[in-house]
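Structure first, then comments.
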Amino acid sequence: GSKKEGGKPSGHSATVDQRVEVVPGRVYVHPVPQFVDNLAYLVVCLPPPDTRHLPITAVLVDCGDHASALEHAGAVYRRHYEKEHPRDDGRGEVGIELCAMLCTHRHHDHTAGVRGMVRELTRARAGGESGVAITAGSAGNAAGPDGDDAYASKPGNVVVAGAAIEGVPGCNLFLRDGCFVPLPCASSGGERNDMNEVVSVEAVACPGHTRGSLVYALRDRPAPCVAVDGGGDANGKKAKRWKRPWERPDRPGRHAASSHLFTGDVVFTGGSGVPFEADLERTSDDFLKNPGALRGKHGGSRIRPGAGALSTERCFAEVLVRADGPWRDGSAAASHSDDGGTAPGRGALIYPGHEYTTDCLLRQFHPRNVPPGGEWTRCPPSTFFEVASSYFVAAHRRALPAGQRLLTVPTPMARELVVNPNYRSLRRRADH
């Protein structure tokens, strides 16, 4: 992709300066603008502070255009990391080793750059010897059916993950619901930067937009199958191994998992993706059995905008209850609701696959969507004002001049429970 003046990459939003901290000093999320309104996300893992000559490793959530993603990765590196982590190994200016792509679903605007990225990374890594090995490290689920390492066995050491039933282009790691994705580990000279030891990524199945749509839940703790190595001293003696980071003596007490949910086209801020491949839950949804509904409701179109409403709500419920991961219990590790009780997922951040916030929020006020006696008459005034306020803040950020437009995401789950009509619908069902 072309660059704008000042070395900043082109794109629909100014995002190079934006990053979200997942693990202090180690793991950060950078949004990557793609096409007109798509969003990919670069998750980087910095090497431990006591190591030398190890690269920054990264995974990319969705890849619609590989050229702009690489351009943005280079800008992110120069802006945030080049001073503390210089690279001079003859393998190009981008000091970030992209090792995996996590595809939320197969649609072209989310996967068109996958094969190009694999070719580019394979070519770059074949051009020089860095002395750095890329493997799955301590991930207990890293081995394939033949016992091969998930990374070392792939061309260019690049993993492309997607749902087993989805048909993602170039996919070489097939996931099902509840899988923890093996993350990259860069090692050299006895040192290693193992992403698995500080974070985990769980695949959450949310069929509806497509049959194999996945939400990726990034959390600030290792997967249950990973044992964290405490390192060693100067004599090579191994330190204690802790299976959970909050059990370490230098991290007293328990804390809720910090969850970062990459929702693709399942959940948007203030709305949802169209359930193109949802189950036909009602007779009125099936136009083969009910042709009158086709003529009466949609003027001959075979697109079913009202079908799959229950599937959409099921996906939203799945995202909410799975947000905190398998560590959630009734202790202090649970998220706290405003009324003093506990509620799952309220502290999570939502990273959608498109910048659709203003459209989704404004649509809630359209006269066609607000009939007399409709939803707003059943909501407290505070909900109405929260949605309106969120819209005006988002509209202001998106109305800035080209090259300065700011993203409206990520969004806290606690706010999404109020401004998203799908979550409000779930709440009404629970109340009754």
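The sequence shown begins at 1474 in my numbering and counts up by one.
Ideal Cβ placement from N, Cα and C applies to all residues, glycine included.
- Message: I'd like to confirm the pairing. Which residues does DSSP put opposite residue 1635 in its beta bridges?
- Response: 1647
- So, helix, strand or coil for residue 1736, using DSSP? strand
- Query: Mind checking residue 1735: buried by the 16 CB within 10 Å criterion, or exposed?
  - Reply: buried
- Item | Secondary structure, alpha helix (DSSP H): runs of 4+ residues fully inside the stretch 1514 to 1565 | Listed in chain order, the alpha helix (DSSP H) elements of length 4 or more contained wholly in the stretch 1514 to 1565 are 1539 to 1549.
- Item | residue 1730 burial status per 10 Å Cβ neighbour count (16 or more: buried) | buried
- Supposed close pair residue 1516, residue 1502 - CB separation, criterion 8 angstroms: 5 angstroms
- What are the start and end residues of the alpha helix (DSSP H) that includes residue 1503? Unbroken run through residue 1503 is the beta strand (DSSP E), 1500 to 1507; no alpha helix (DSSP H).
- When we look at the beta-carbon of residue 1568 and count the other beta-carbons within 10 Å, is it buried (16 or more) or exposed? By the neighbour-count rule (16 or more Cβ atoms within 10 Å), residue 1568 is buried.
- Item | Option in 1880, 1498 and 1537 with minimal Cα separation from residue 1742 | 1880
- Going along the chain, which residues of its own chain have a beta-carbon closer than 7 angstroms to the beta-carbon of residue 1708, five neighbours each way excluded? With a pLDDT of 39 at residue 1708, under the threshold of 50, the predicted position of this residue should be treated as unreliable, though the coordinate-derived value follows. Within its own chain, no residue has a Cβ closer than 7 angstroms to the Cβ of residue 1708 once the five positions on either side in sequence are excluded.
- Task: Report the three-state DSSP secondary structure of residue 1751 (helix, strand or coil).
- Result: coil
- Message: At the level of alpha carbons, what is the spacing between residue 1790 and residue 1896?
- Response: Each residue's Cα considered, the two are about 8 angstroms apart.
- Query: Distance, Cα to Cα, residue 1629 vs residue 1863?
  - Reply: Taking the straight line from one Cα to the other gives about 43 angstroms.
- Query: What did DSSP end up calling residue 1667 once you bin it into helix, strand or coil?
  - Reply: strand
- Item | DSSP-derived helix/strand/coil call for residue 1742 | Judged by DSSP in its simplified three-state form, residue 1742 adopts coil rather than helix or strand.
- Query: Does the Cβ of residue 1556 have 16 or more other Cβ atoms within 10 Å, making it buried, or fewer, making it exposed?
  - Reply: With fewer than 16 neighbouring CB atoms inside 10 Å of its own CB, residue 1556 falls in the exposed class.
- Query: What did DSSP end up calling residue 1829 once you bin it into helix, strand or coil?
  - Reply: The three-state reading of DSSP puts residue 1829 in coil, since its state is none of H, G, I, E or B.
- Helix, strand or coil: how does DSSP classify residue 1788 here? helix
- Query: Sorted by chain position, which residues of the same chain lie with C-beta nearer than 7 angstroms to residue 1844's C-beta, five sequence neighbours on each side aside?
  - Reply: none
- Message: Please report the distance separating the alpha-carbon of residue 1646 from that of residue 1632.
- Response: 7 angstroms
- Put residue 1511 into one of helix, strand or coil per three-state DSSP. Strand at residue 1511.
- Item | Anticipated Cβ contact below 8 angstroms, residue 1579 with residue 1681, distance rounded | A Cβ-Cβ separation of about 14 angstroms leaves residue 1579 out of contact with residue 1681 under the 8 angstroms criterion.
- Thinking just about the alpha-carbon of each residue, which of 1519, 1484, 1522 and 1582 is nearest to the one in residue 1544? 1484
- Query: Taking buried to mean at least 16 other C-beta atoms within 10 Å of its own C-beta, is residue 1821 buried or exposed?
  - Reply: buried
- Message: Spatial neighbours of residue 1900 within its chain, please: C-beta separation below 8 angstroms, excluding the five flanking residues on both sides.
- Response: 1890
- Message: Our contact map puts residue 1859 next to residue 1882 with C-beta atoms below 8 angstroms; I'd like the distance itself, whole angstroms only.
- Response: For residue 1859 against residue 1882, the beta-carbon gap comes to about 17 angstroms, at or over 8 angstroms, which does not count as contact.
- Apart from the five residues on each side of it in sequence, which residues of its chain come closer than 6 angstroms, Cβ to Cβ, to residue 1493? When the five nearest sequence neighbours on each side are left out, the beta carbons in the same chain lying within less than 6 angstroms of the beta carbon of residue 1493 are those of 1502, in order along the chain.
- Query: Run through DSSP, which three-state label would residue 1891 get?
  - Reply: Here residue 1891 sits in helix by DSSP.
- Going by other Cβ atoms of all chains shown within 10 Å of its Cβ, with 16 needed for buried, is residue 1584 buried or exposed? buried
- Message: Let me confirm a value: residue 1506 is counted as buried when at least 16 other C-beta atoms fall within 10 Å, else exposed. Which label applies?
- Response: buried
- Task: Measure the Cβ-Cβ separation of residue 1667 and residue 1679 and say whether it is below 8 angstroms.
- Result: no
- Task: Would you identify the three-state DSSP class for residue 1579, choosing helix, strand or coil?
- Result: coil
- Whether residue 1826 touches residue 1594 by CB criterion (8 angstroms): No, the pair does not count as a contact, with Cβ atoms beyond the cut-off.
- Cβ-Cβ separation, residue 1690 to residue 1655 (assumed contact under 8 angstroms), whole Å: Between residue 1690 and residue 1655 the Cβ distance is about 15 angstroms, and since that is not below 8 angstroms, they are no contact.
- Message: Is it buried or exposed, residue 1831, if we count other Cβ atoms within 10 angstroms and call 16 or more buried?
- Response: buried
- Message: Please report the distance separating the alpha-carbon of residue 1481 from that of residue 1783.
- Response: 43 angstroms
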